[in-house]
Amino acid sequence: LLSTLPGTGPRILAGPGSHAGCVDVGEGWGLAFKIESHNHPSAVEPYQGAATGVGGILRDVVAQGARPVAVMDALCFGNAATPRTRWLQDGVVAGIGGYGNSYGVPNVGGLTVYDPGYEGNPLVNALAAGLVRHDAMRTAAATGPGNLLLIVGASTGRDGILGAAFASEALGESHEHAARRSHVQVGDPFMGKKLMEAMLGFGEGLVACQDLGACGIACATSEMAAAGGSGFDVELAAVPQREPGMEPFEILLSESQERFMLVVEPRDVDAALAHFRSHGVEAAVCGVVTDSGRLRVRHHGETVVDLPAALVADGTPPQRWEVGALPPNRPYPDFPVPSDLGAVLLDLLSAPGVADLSWLYERYDQTVGNRTVRGPGRGEAAVQKLPGSSAGYAISLVGGGAGCAADPYRGTQALLGEALRNLGCVGAAAVAVSDGINAGSPSDPVEFARLDGLIRGLGDGLRALGIPVTGGNCSLYNESPAGAIPPTPMIGMVGVIGDIDRIPSPTAAAGEVLLLAGVPPADPGDAAYGRLMTVGRIGPVPVVDLAADRSLADLLVAQCALGRIRAAKDAARGGLAVALAKLCLRSGIGATVAAEWGDRPDWALFGEGPGAAWITVRPDEAAAVIAAGTAGGIAVAAVGSMGGDRLAIDGLIDLPLAVLAASFAEGPE
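Counting in my numbering, the final residue of the sequence shown is number 669, and the numbers go up one at a time with none missing.
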């Protein structure tokens, strides 16, 4: 399935199968970025599970030769009010912040979802990004018989053994989780920081490198040899160990953190060992590259493994899973237009997943490194600048299983549209995607049908938008005794910005004209509003119009480049009304709107559809933006103005900012 995704494009420097995908973001810089998951470990040991998830994805970026510049997180929890969710949430957030803050990489955004479907199996996905010069990128392909294999970083212990196997089975009852905690790795961000600096400062004689993640040495050596068409002779006794009496299989499969495997030319080995030790990082020679094509592993000279490296790396026979029939999707039951749409808006603003999350992201360092131009709560996507340049790039991370539970194919495409709109709102032109796929067991025909629909929707949507995927992660068996999670894609989309001085402000100003770009929804879709009105029921198939999303994003990017757009906010969870309320709240001013909302103003204001955004402009720029929208096939209308201390929409909603702010602050903590 994953091989059907489009993986090539003019800006792709490293595609699927690399340490981390890498795209050209201009001026000789590549942005390496990737999404990974650490779902099962975080379910049983939330702090270390989340912390080592961040550490692992940072090492993927470093292995590409890139200096990490950003982390983002995508979190899905169950009922926000339960003690278990609060325990998980507190541990996960502390783990993400504890590792990232200590490592010195800014957390620039993300998403948090609350849904009963994640009650027994939370999701913890992380995206990391790093900058690398085009000519400094690295490979994992081990070549050159006689070149030496080094292991560098932390010593090897018994933590994380069988962690990869644990990640590929359903979670049991919560009382069984204690027995699984030994499968969770233990992170050390300070060692991770030292190792990162040592890795980026070493290059002479380096042939290949790979971080040690799932299955440890066994996986890294087999993959490096297979990538280079070579073999390895490995001596496990030479691997630095922090626990006495470790068995060969324990050394091979340990997932101790903060480690890399390197292939180095013999003449440079002494210098390499001295370099790493000068950084306080342990390093040892533990093997040699051969031309045998085999992975031969010994322990004190006794052979314990002798297999073709390619067989170990990717010799698993393809599995043909049965595609079942998805259950029919039923629309919401009929319900009338509520008599008080203002009360509905307040309920949505305080709903988990919509409400203020500043209590969460303010635990993270957002600005370390002095590159972050827009961080969490300050725009629709994270924005960072290129070194010594006015150019920059933006990253949008979206996801969740709400729409995908109704229709995995269209739900995934709706998320692609949202990510594209987010980038457009900061003036960034999308160039590539990294995906994180989270689903249940593929051996269940219905769950495999959901997985199949999700990946087909992703591939078809990317082809329609002309955006390639650089790689990502697929996490399966996300199940518990309560059942499988909703099929949940996470989409990290990167865009380029020609001049960051021209990107819109995160806030609007009094006197600016308020434009509505796009058409309000004609039905609620699978929306937070529909679930509010029908007590959590999954609604109709999400409305998707990628052509409208593309046209809107193109309009936003072009008008931002001309400096015409003062602020922009696309409609997503909670619809147009919630989007405008959030723009008003972060701007500290109100808005007055007069527009046509049709026979179902509740659907138009709270429904979740494609291709719509609020834009503010100076009065003398409004006509030009409206004309540009018409030329691009996007309806743009002047519907109001910014100012005052109330949000007033056509007599349907009229609320003081203070009341909106109080509801927005009532979300889960």
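For every residue, glycine included, the Cβ atom is placed at its ideal position computed from N, Cα and C. Note that the structure is predicted; figures quoted are calculated from it, not measured.
How should residue i be labelled, buried or exposed, when 16 other C-beta atoms within 10 angstroms of its C-beta is the threshold for buried?
{"i": "T616", "result": "buried"}
{"i": "H300", "result": "exposed"}
{"i": "R138", "result": "buried"}
{"i": "D334", "result": "exposed"}
{"i": "P524", "result": "buried"}
{"i": "T290", "result": "buried"}
{"i": "Q319", "result": "exposed"}
{"i": "H134", "result": "exposed"}
{"i": "V535", "result": "exposed"}
{"i": "P189", "result": "buried"}
{"i": "A376", "result": "A small fix is needed here, since residue 376 is Pro in this sequence, not Ala. Burial call: buried."}
{"i": "H175", "result": "Low per-residue confidence applies at H175: pLDDT is 44, beneath 50, and the placement is therefore not dependable enough to give any value."}
{"i": "W87", "result": "exposed"}
{"i": "E247", "result": "exposed"}
{"i": "R267", "result": "exposed"}
{"i": "R277", "result": "exposed"}
{"i": "R450", "result": "buried"}
{"i": "T367", "result": "exposed"}
{"i": "R330", "result": "exposed"}
{"i": "D407", "result": "buried"}
{"i": "P481", "result": "exposed"}
Please classify residue i: does DSSP put it in a helix, a strand, or coil?
{"i": "I589", "result": "coil"}
{"i": "A658", "result": "helix"}
{"i": "E302", "result": "strand"}
{"i": "A414", "result": "helix"}
{"i": "A561", "result": "helix"}
{"i": "V62", "result": "helix"}
{"i": "N39", "result": "helix"}
{"i": "I96", "result": "helix"}
{"i": "W597", "result": "coil"}
{"i": "G228", "result": "helix"}
{"i": "Y393", "result": "strand"}
{"i": "L552", "result": "helix"}
{"i": "N101", "result": "helix"}
{"i": "H175", "result": "Confidence is the limiting factor: at H175 the pLDDT is only 44, short of 50, which leaves the residue's position unreliable, though a coordinate-based value still follows. Helix."}
{"i": "G109", "result": "strand"}
{"i": "S641", "result": "strand"}
{"i": "S256", "result": "coil"}
Taking the straight line between their C-alpha atoms, what separation do you get for residue i and residue j?
{"i": "A237", "j": "A283", "result": "14 Å"}
{"i": "S358", "j": "L111", "result": "11 Å"}
{"i": "E418", "j": "I467", "result": "14 Å"}
{"i": "N101", "j": "Y364", "result": "6 Å"}
{"i": "G49", "j": "N478", "result": "15 Å"}
{"i": "P41", "j": "V184", "result": "5 Å"}
{"i": "D314", "j": "A218", "result": "12 Å"}
{"i": "G400", "j": "L516", "result": "26 Å"}
{"i": "R693", "j": "T316", "result": "An answer regarding residue 693 cannot be provided, because it is not within the stretch 1 to 669 covered by the chain."}
{"i": "I390", "j": "R564", "result": "In the sequence on display, residue 390 carries Ser and not Ile. S390 and R564: Cα-Cα distance of roughly 18 Å."}
{"i": "V92", "j": "D340", "result": "38 Å"}
{"i": "L562", "j": "C22", "result": "28 Å"}
{"i": "V264", "j": "D356", "result": "50 Å"}
{"i": "I12", "j": "G216", "result": "28 Å"}
{"i": "S222", "j": "R586", "result": "51 Å"}
{"i": "G629", "j": "I653", "result": "27 Å"}
Would residue i pass as an interface residue toward chain C - the criterion being a Cβ-Cβ separation below 8 Å?
{"i": "R450", "result": "Reference to chain C is not applicable here, since this structure consists of a single protein chain."}
Write down the C-beta distance between residue i and residue j rounded to the nearest angstrom, noting that I regard them as a contact closer than 8 Å.
{"i": "L556", "j": "A567", "result": "With 8 Å as the limit, L556 and A567 do not qualify as a contact, their Cβ atoms being about 11 Å apart."}
{"i": "R600", "j": "V337", "result": "6 Å"}
{"i": "A70", "j": "A382", "result": "6 Å"}
{"i": "A631", "j": "V519", "result": "17 Å between Cβ atoms; not a contact."}
{"i": "A66", "j": "L131", "result": "6 Å"}
{"i": "A673", "j": "L397", "result": "Residue 673 lies beyond the stretch modelled for the chain, which goes from 1 to 669, so this question has no answer here."}
{"i": "F77", "j": "Y118", "result": "6 Å"}
{"i": "A63", "j": "A142", "result": "So it is not a contact: roughly 13 Å between Cβ atoms."}
Quick one: does the C-beta of residue i sit closer than 7 Å to a heavy atom of the ligand FAD?
{"i": "G117", "result": "Among the components of this structure there are no ligands whatsoever, and the ligand FAD is therefore not found."}
request  = Please determine if the region 318-325 and the region 432-450 are in contact, where contact requires at least 3 C-beta pairs separated by less than 8 Å.
outcome  = Result yes; three or more Cβ-Cβ pairs closer than 8 Å.
request  = Spell out a yes or no on whether the region 24-41 and the region 240-253 are touching, meaning 3 or more CB-CB pairs, one atom from each, closer than 8 Å.
outcome  = No, the region 24-41 is not in contact with the region 240-253.
message = Quick check: the region 590-600 against the region 621-639, are at least 3 beta-carbon pairs closer than 8 Å?
response = Contact between the region 621-639 and the region 590-600 is present: 3 or more CB-CB pairs across the two stretches fall below 8 Å.
Given 8 Å, three or more beta-carbon pairs between the region 453-465 and the region 539-555 = Contact between the region 453-465 and the region 539-555 is present: 3 or more CB-CB pairs across the two stretches fall below 8 Å.
query = Is the region 52-59 touching the region 250-260, taking contact as three or more C-beta pairs under 8 Å?
reply = Yes, the region 52-59 is in contact with the region 250-260.
query = When the Cβ atoms of the region 190-198 are set against those of the region 223-237, are three or more pairs found closer than 8 Å?
reply = With a cut-off of 8 Å on Cβ pairs, the region 190-198 is not in contact with the region 223-237, counting fewer than three such pairs.
query = Is it true that the region 524-533 meets the region 646-662, where meeting means three or more beta-carbon pairs spaced less than 8 Å apart?
reply = With the cut-off at 8 Å, the region 524-533 and the region 646-662 do not touch.
query = Would you say the region 494-510 touches the region 302-312, given that touching needs at least three Cβ pairs under 8 Å?
reply = No, because fewer than three Cβ pairs between the region 494-510 and the region 302-312 fall closer than 8 Å, the two stretches do not touch.
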